[in-house]
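Counted from 1, the sequence shown has number 256 at position 236 by this note's numbering; the numbering is strictly sequential.
Reviewing the structure listed below.
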Amino acid sequence: MQIQHVVHLPYLHTHRNIRIFLPPAYFTTNNYFQVLYMQDGQNVLDGKDSFGKPWAVGNFISKRAKAKQAIVVAIDHGHGSRSAEYAPFKTYRNGGGNGDAYLYSIKDHIKPLIDAEFRTMTDKQNTWLIGSSLGGLISFYGGLKMPDVFGKVVSFSPSFWYNPQVIKEFHPTSTLWDSSFYVAGSMKESYGMTETLRHTYWRLKSLGIPEERLRVVVRDKGKHNEVFWSKEFKLMYNHLI
21 MQIQHVVHLP YLHTHRNIRI FLPPAYFTTN NYFQVLYMQD GQNVLDGKDS FGKPWAVGNF
81 ISKRAKAKQA IVVAIDHGHG SRSAEYAPFK TYRNGGGNGD AYLYSIKDHI KPLIDAEFRT
141 MTDKQNTWLI GSSLGGLISF YGGLKMPDVF GKVVSFSPSF WYNPQVIKEF HPTSTLWDSS
201 FYVAGSMKES YGMTETLRHT YWRLKSLGIP EERLRVVVRD KGKHNEVFWS KEFKLMYNHL
261 I
């Protein structure tokens, strides 16, 4: 079941559409569920508003065992404000700088709404932050910025080039020993992706993430698009759920 809801986000001085997917097990059990907060919500569930082929994560999750199903909160991007909201640091040419306000909007306004309305597991170990490209950048940053809120962090093809400070300089606000990171990209996407992900692995290791909670993957094939990320989502989900 999919529900759409418009949320007021005062930190960003805007309203934003969110798409909430409730899995079949939500209606046939009394279980509480993990929650996946996903960026670029237009692309996550169905093809109505997507850019290219949608990820169709709801269809995939619906086919999992009841104990492996989760709630998805797909947060629409802000169109013209997407780059600003998904980049925590300002850039000379491309803007950015509203990433913190965006993350606090999830923490203080979207997550409390979801937790109050639905049967959710509210702790960090059951709260995911997921995105691709610039959405992968802000999701990765969110895992460092708010490790006490988001305990499972998924970043596909992260655009670290846009804000290199995220991977090179930014230090988490608390320890990451109980956080899980899944980062993936393809060597076919862009020059330097392999080296970027290699550096990402060692950077996360240096921040104290144990090997069993860390997975950084470089695929041989895959373009920088929704088709690749949809496939990677399925592999990631089976690994982390």
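Even for Gly, the Cβ is constructed at its ideal location relative to N, Cα and C.
Model, not experiment: these values are computed from the prediction.
Residues near residue i in its chain [Cβ-Cβ closer than 7 Å; skip 5 each side]
| i | result |
| --- | --- |
| A45 | N51, K86 and Q89 |
| T195 | G228 |
| V186 | P108, L157, F160, Y161 and F180 |
| S103 | N114, G115, G116 and L154 |
Beta-carbon gap between residue i and residue j smaller than 9 Å
| i | j | result |
| --- | --- | --- |
| K225 | E231 | yes |
| I91 | L42 | yes |
| V27 | H129 | yes |
| L164 | P192 | yes |
| A94 | D135 | no |
| N245 | K68 | no |
| G205 | P178 | yes |
| R39 | Q22 | yes |
| S200 | L255 | no |
| F80 | Y257 | yes |
| V169 | K144 | yes |
| R223 | V238 | no |
Buried versus exposed, by CB contacts within 10 Å (16 or more), residue i
| i | result |
| --- | --- |
| P30 | exposed |
| H97 | buried |
| P132 | exposed |
| T216 | buried |
| N183 | buried |
| S125 | buried |
| E1 | Limits of the chain in this structure are 21 at one end and 261 at the other, which puts residue 1 out of reach. |
| Y202 | buried |
| K208 | exposed |
| T48 | exposed |
| T220 | buried |
| W75 | buried |
| Q24 | exposed |
| V247 | exposed |
| K127 | buried |
Own chain partners of residue i with C-beta closer than 8 Å, once the 5 adjacent residues on each side are dropped
| i | result |
| --- | --- |
| L32 | G98, S101, E105, N118, A121, Y122 and S125 |
| L56 | V77, A90, I91, V92, V93, W148 and I150 |
| S65 | Rather than Ser, the amino acid found at residue 65 in this sequence is Leu. Within the same chain, L65 has close Cβ partners Q22, R39, F41, P74, W75, A76, V77, G78, V92 and A94. |
Spatial neighbours of residue i in its chain, beta-carbon cut-off 6 Å, leaving aside the 5 residues before and after
| i | result |
| --- | --- |
| W249 | S152 and F176 |
| K110 | G116 and G117 |
| W197 | G228 |
Near the ligand GTP: residue i beta-carbon under 8 Å from a heavy atom
| i | result |
| --- | --- |
| N146 | This structure lacks the ligand GTP; in fact it carries no ligand of any kind. |
Counting Cβ pairs closer than 8 Å, one from the segment 136-150 and one from the segment 166-181, do we hit at least three?
yes
Can you give, in chain order, each stretch of the alpha helix (DSSP H) that sits fully within the segment 23-109 and has at least 4 residues?
Every alpha helix (DSSP H) stretch that sits fully inside the segment 23-109 and reaches 4 residues is listed by chain position as 45-48, 77-82 and 102-106.
For the segment 151-161 and the segment 136-143, state whether three or more C-beta atom pairs, one from each stretch, are separated by less than 8 Å.
no
Of all the beta strand (DSSP E) runs that stay within the bounds of the segment 118-172, which reach a length of 3 or more residues?
DSSP runs (the beta strand (DSSP E)) wholly in the segment 118-172: 147-152.
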